[in-house]
Amino acid sequence: MHRPIEIECLFAPGCASRQDTLALVKKVIGELGLAADIREIVIVSLEEAARCRFLGSPSIRVNGRDIESEADARTDFGMG
Numbered sequence: 001m002h003r004p005i006e007i008e009c010l011f012a013p014g015c016a017s018r019q020d021t022l023a024l025v026k027k028v029i030g031e032l033g034l035a036a037d038i039r040e041i042v043i044v045s046l047e048e049a050a051r052c053r054f055l056g057s058p059s060i061r062v063n064g065r066d067i068e069s070e071a072d073a074r075t076d077f078g079m080g
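When we follow our numbering, the leftmost residue of the sequence shown carries the number 1, and every step to the right adds one.
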């Protein structure tokens, strides 16, 4: 039996793209027929951004990996 995919949607407070991003993630999951657990995470400080390796709002991670291909090499964490 397969475990659901873990999807994290990380946002800065007041992110204007939040609802559109969540809708798109849900649409893609539905179209692919996948089981997924979606977690919304709001990053509220620069310290938390660094700790969570937050590259900007919105950020999407699937099973712990950022969907941005160069994310692992980046260190420009912040609230933007």
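All residues carry an ideal CB built from backbone N, CA and C; glycine is no exception.
When DSSP labels each residue in this structure, what does residue 65 get in the three-state scheme? strand
With a threshold of 16 other CB atoms inside 10 Å of the CB of residue 21, please say whether the residue is buried or exposed. buried
How far does the alpha helix (DSSP H) with residue 49 in it extend, from its first residue to its last? 46-51
Excluding sequence positions up to five away, which residues of its chain have a Cβ less than 6 Å from the Cβ of residue 17? 58
Nearest-angstrom Cβ-Cβ length linking residue 6 and residue 41, presumed shorter than 8 Å: No, residue 6 and residue 41 are not in contact; Cβ-Cβ is about 12 Å, not under 8 Å.
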